Amino acid sequence: GAVVSQHPSWVICKSGTSVKIECRSLDFQATTMFWYRQFPKQSLMLMATSNEGSKATYEQGVEKDKFLINHASLTLSTLTVTSAHPEDSSFYICSAGDLGRGFLEQYFGPGTRLTVT
Amino acid sequence: GENVEQHPSTLSVQEGDSAVIKCTYSDSASNYFPWYKQELGKRPQLIIDIRSNVGEKKDQRIAVTLNKTAKHFSLHITETQPEDSAVYFCAASRGNQGGKLIFGQGTELSVKP
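First to last, the protein sequences are chains A and B. Residues 33 to 149 in our numbering are what the first sequence lists, from first letter to last. Residues 1010 to 1122 in our numbering are what the second sequence lists, from first letter to last.
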């Protein structure tokens, strides 16, 4: 159980274009979904937290107009990187949280490697 | 703000030896402490977690201890194997409030055969 999928696994796009990344919880309904980015040899940096049907909460320094998050259902959240620039190139990882046992346990997707040329 | 410090940043051990990674957290309201293992280019995998009402938890070769008073927790891996080589992250959260995870900086563990 607790499987989270992410699509695509990697994507290359040109500067100025937008890219959408999907995160799905396959066998449970996620109370909350989280989006992280990770640079090489660094820790996971939380970008935003989203709950189904409500606006995402962005961490300080993360541009909400650039990183659009939609949490349409309890099993799907999307992250759209708008007007991508080379500095947006990174490993983006989502996680889905399950509060079913009283504590929020997070399960991670496999990540999406974004390269902006 | 909330912060988690993790040490060491790199750790090299001989196969069969033990490895210990330590973390300190700042938010005294944290009550959920998971540990993740991440192999290169892959997702973090939850390997063990502990809640604040427990001082120690063990799962085969892996154990985690928690000292709430000192606000630190540690991961212990015994009888290390080459396949244990990876980056390990500790994290802390107010788990019962659905709180976000605050991650440590990571420890790159290398187990030499």
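For every residue, glycine included, the Cβ atom is placed at its ideal position computed from N, Cα and C. What you are looking at is a predicted structure, and each value in this text was computed from that prediction instead of being measured.
Just grab the DSSP bridge partners of B:PHE1112 for me. B:ALA1100
So A:SER105 and A:GLU84 are in contact, right, with Cβ under 8 angstroms, and what is the actual spacing, rounded? 6 angstroms
Grouping DSSP H, G and I as helix and E and B as strand, with all else coil, what is A:GLN92? coil
Taking B:GLY1104 as the reference, which of B:THR1116, B:ILE1059, B:GLU1024 and B:VAL1120 has the closest Cα? B:ILE1059
Three-way DSSP call (helix, strand, coil) for A:GLU137 in this model: strand
With three or more C-beta pairs closer than 8 angstroms as the rule, is the stretch 1035-1049 of chain B touching the stretch 1095-1102 of chain B? yes
Find out if the Cβ-Cβ distance for the pair A:SER47, A:VAL148 is shorter than 7 angstroms. yes
Using a Cβ-Cβ cut-off of 7 angstroms, state whether B:PRO1017 counts as contacting chain A. no
Candidates B:GLY1050, B:GLU1011, B:SER1061 and B:HIS1081: closest to B:THR1033 by CA position: B:HIS1081
Within 7 angstroms of any Cβ in chain B, is that where the Cβ of A:PRO40 sits? no
By DSSP, does B:PRO1043 sit in helix, in strand, or in coil? strand
For a contact defined as C-beta to C-beta under 8 angstroms, what are the partners of A:GLY141 on chain B? ARG1052
Closest by CA to B:TYR1041, which one among B:HIS1016, B:VAL1073, B:PRO1091 and B:ASP1093? B:VAL1073
Assuming A:VAL99 and A:ALA128 are in contact, meaning their beta carbons sit under 8 angstroms apart, how far apart are those beta carbons, in whole angstroms? It should be pointed out that residue 99 of chain A corresponds to Phe in this sequence rather than to Val. 18 angstroms between Cβ atoms; not a contact.
Name the chain A residues that come within less than 9 angstroms of B:PHE1042, Cβ to Cβ? Under the 9 angstroms cutoff, chain A gives no residues; its nearest Cβ is about 11 angstroms from B:PHE1042.
Which residue's Cα is closest to the Cα of B:GLN1106: B:ALA1038, B:GLY1064, B:GLY1050 and B:LYS1077? B:ALA1038
Selected residue, minimal CA-CA separation from A:THR144, among A:THR63, A:PHE71, A:PHE60 and A:THR49: A:PHE71
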